[in-house]
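Participant: So the sequence shown is numbered by the UniProt record's numbering: it starts at 1 and just counts up by one.
Virtual Cβ for every residue (Gly too), placed ideally from N, Cα, C.
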Amino acid sequence: MESPRSSGSVRRHARNISHPTPQRAARGPLEAATDDTPQTPEPVALHRAPPNIDLRFLQDRHIYHSVTTEDVPSPFLNSTHRPPVDTPLPHLIQHGHFRRAAELALRSLLQSPPTAAAQIFQLLYTRLACLVLVSRPDVAAAEAIPLFELASRSAPGSQQVVEFIPWHLRLLLVRLQTIGAADGGRRGIMALYALASEVRANIRSAHQDGNASTIELWEGRLRDLGLRVCDALVEMGELESAVRHLDTLPDVDADELAFRKAILRTRVGDVATARQCGSAIQDDMKRREIEALLKVADGDHDEAIVSWQSLVEDFPDREHFALNAAVSLLYVGQIESARSMLESLTRDIPAFPTILFNLSTVYELCTERAPEKKASLTQQAATRQPVPASGGWERATFEFKL
Numbered sequence: 001m002e003s004p005r006s007s008g009s010v011r012r013h014a015r016n017i018s019h020p021t022p023q024r025a026a027r028g029p030l031e032a033a034t035d036d037t038p039q040t041p042e043p044v045a046l047h048r049a050p051p052n053i054d055l056r057f058l059q060d061r062h063i064y065h066s067v068t069t070e071d072v073p074s075p076f077l078n079s080t081h082r083p084p085v086d087t088p089l090p091h092l093i094q095h096g097h098f099r100r101a102a103e104l105a106l107r108s109l110l111q112s113p114p115t116a117a118a119q120i121f122q123l124l125y126t127r128l129a130c131l132v133l134v135s136r137p138d139v140a141a142a143e144a145i146p147l148f149e150l151a152s153r154s155a156p157g158s159q160q161v162v163e164f165i166p167w168h169l170r171l172l173l174v175r176l177q178t179i180g181a182a183d184g185g186r187r188g189i190m191a192l193y194a195l196a197s198e199v200r201a202n203i204r205s206a207h208q209d210g211n212a213s214t215i216e217l218w219e220g221r222l223r224d225l226g227l228r229v230c231d232a233l234v235e236m237g238e239l240e241s242a243v244r245h246l247d248t249l250p251d252v253d254a255d256e257l258a259f260r261k262a263i264l265r266t267r268v269g270d271v272a273t274a275r276q277c278g279s280a281i282q283d284d285m286k287r288r289e290i291e292a293l294l295k296v297a298d299g300d301h302d303e304a305i306v307s308w309q310s311l312v313e314d315f316p317d318r319e320h321f322a323l324n325a326a327v328s329l330l331y332v333g334q335i336e337s338a339r340s341m342l343e344s345l346t347r348d349i350p351a352f353p354t355i356l357f358n359l360s361t362v363y364e365l366c367t368e369r370a371p372e373k374k375a376s377l378t379q380q381a382a383t384r385q386p387v388p389a390s391g392g393w394e395r396a397t398f399e400f401k402l
């Protein structure tokens, strides 16, 4: 399970399902939201492209939408941590002010020379990525439509522009074009395979040139695309297909493959095969993590708690172990212990959607003062020092189940 913060859909309901949300054990096949969430945008690098590439069509103000703050709790809007209006874009990104960064990236994009393709594409990536990070992938998908249309054209010069789009933006565009699509995600998989075909062509060209660094670059991208296809299959509910697809990726790290297969097999209820996959993992932490998950799958929550707590002691920097321990405590009825552990996490680490949602759920389960407790949690999160981790400093109301 995961919190309602998702890069594939945006939920704005006043109430959410009151189920605890275990943190995903791995990033990859089962991380539909966070796995495809864009990396934190880098500060804009100013480069100029050949003058025959004109991106005036991306500077039409009618393409873009205003991003309201109606889904932001008032403590964040009134916080002293809110940046001044003249804060530069790199500072906004560095401190996790992604809503403001999206606004400034758009202003800078509209003011850029139409032939400054590298600058415009980087600003557009920053704009779209920040929209996803503030839970507005619907807006990002709408604003990316001109590039979707460009990629589908056969008009003279269109392919030249497409080839100049940076790789990280192309990956984000693949993700965005699946949002709201009626085909169940098939278009996204087709786009990933199209990129893979292009990557293979680049690998062949690099081999002909004898360029080792270029070969390594494109081979790494090909491996990444293979894992992204697996992610897309999981989102479609094609878990068996995802497992079979993993078997076609021989160049991926063996532990990574075994880890993903174990999780997928657990998802489809094949615990025995999941256990076999887990036993093949050489990395001690990953193997123990799978073993703890399998105890949860078997309903042996007492033993799972022991395993999670052991992982917390040995790997204190992996906060999701503590989060899973808290959820297991909740399963055995130790609500106060779960609450104490979750509250400790919110004090010690930057807030992220899963922990906020789970703690808000615990408040609903154990006290009649849940609204007051959740309001206090919101205030606490707003007073923390801004950081870019976990979607940034500013949080949305639904993360607190307000």
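Out of ARG339, GLY226, ASP314, ALA396, state which residue places its alpha-carbon closest to the alpha-carbon of ALA382.
Facilitator: Along the sequence shown, one-based indexing puts residue 382 at 382. Minimum Cα distance to ALA382 is reached at ALA396.
Participant: ASN52: buried (16+ other C-beta within 10 angstroms of its C-beta) or exposed?
Facilitator: As a position in the sequence shown, residue 52 is number 52, starting the count at 1. Per the 10 Å Cβ criterion, exposed.
Participant: Using C-beta distances below 7 Å, list every residue in its chain close to HIS47, excluding the 5 sequence neighbours before and after it, in chain order.
Facilitator: On the sequence shown, residue 47 is found 47 positions in, with the first residue counted as 1. With a pLDDT of only 47 at HIS47, under 50, the local geometry of the prediction cannot be trusted, and the value read off the model is given with reservation. Correct list, in chain order: ALA118, GLN119.
Participant: For the structure I just gave you, are there three or more beta carbon pairs, one from the stretch 357-371 and one from the stretch 329-343, closer than 8 Å?
Facilitator: These segments touch.
Participant: Please classify GLY28: is it buried, with 16 or more other beta-carbons within 10 angstroms of its beta-carbon, or exposed?
Facilitator: Counting from one through the sequence shown, the residue named residue 28 turns up at place 28. A caution first: GLY28 carries a pLDDT of 33, below 50, which makes its placement in the model unreliable, though a value can still be read off. Classification for GLY28: buried.
Participant: Below 8 Å, how does it come out for the stretch 91-108 and the stretch 126-145: are there three or more Cβ pairs, yes or no?
Facilitator: Yes, the stretch 91-108 touches the stretch 126-145.
Participant: Using the Cβ count rule (16 or more neighbours within 10 Å means buried), how would you classify ARG265?
Facilitator: The sequence position of residue 265 within the sequence shown is 265, counting from 1. By the neighbour-count rule (16 or more Cβ atoms within 10 Å), ARG265 is buried.
Participant: Given PRO166, which residues of its chain have a CB within under 6 Å of its CB, disregarding the five upstream and five downstream residues?
Facilitator: Within the sequence shown, numbered from 1, the residue matching residue 166 stands at position 166. Cβ within range, chain order: PHE121.
Participant: Just tell me which of ASP255, ILE290, ALA322, GLU238 has its CA closest to the CA of VAL268.
Facilitator: Locating residue 268 in the sequence shown gives position 268, where the first residue counts as 1. The candidate whose alpha carbon is nearest that of VAL268 is GLU238.
Participant: Tell me the DSSP secondary structure of ASP36 in three-state form.
Facilitator: Here residue 36 is taken as the residue at index 36 of the sequence shown, counted from 1. Per-residue confidence for ASP36 stands at a pLDDT of 48, beneath the threshold of 50, marking its modelled position as unreliable; the derived number appears in the next sentence. Three-state result, ASP36: coil.
Participant: Helix, strand or coil for TRP393, going by three-state DSSP, please let me know.
Facilitator: On the sequence shown, position 393 is the one that residue 393 refers to. Here TRP393 sits in coil by DSSP.
Participant: Of the residues TYR193, GLY392, SER205, ALA206, which one's Cα is nearest the Cα of ASP224?
Facilitator: The residue labelled residue 224 in the question sits at position 224 within the sequence shown. The residue with the shortest Cα to Cα distance from ASP224 is TYR193.
Participant: Could you give the first and the last residue of the continuous alpha helix (DSSP H) run that contains GLN94?
Facilitator: By 1-based counting over the sequence shown, the position of residue 94 is 94. Where GLN94 is concerned, the enclosing alpha helix (DSSP H) stretches over 89-94.
Participant: Using CA coordinates, which residue listed in SER390, GLN334, GLU399, THR214 is at the minimum distance from GLN94?
Facilitator: The residue given as residue 94 occupies position 94 in the sequence shown. Among SER390, GLN334, GLU399, THR214, the Cα nearest to that of GLN94 is on SER390.
Participant: Given LEU92, which residues of its chain have a CB within under 7 Å of its CB, disregarding the five upstream and five downstream residues?
Facilitator: Start at 1 with the first residue of the sequence shown, and residue 92 comes out as number 92. Correct list, in chain order: PRO83, ARG100, ALA101, LEU104.
Participant: List the endpoints of the continuous alpha helix (DSSP H) containing GLN276.
Facilitator: For the purposes of this step, residue 276 is identified with residue 276 of the sequence shown, where counting begins at 1. Run containing GLN276: 271-279, per the alpha helix (DSSP H) assignment.
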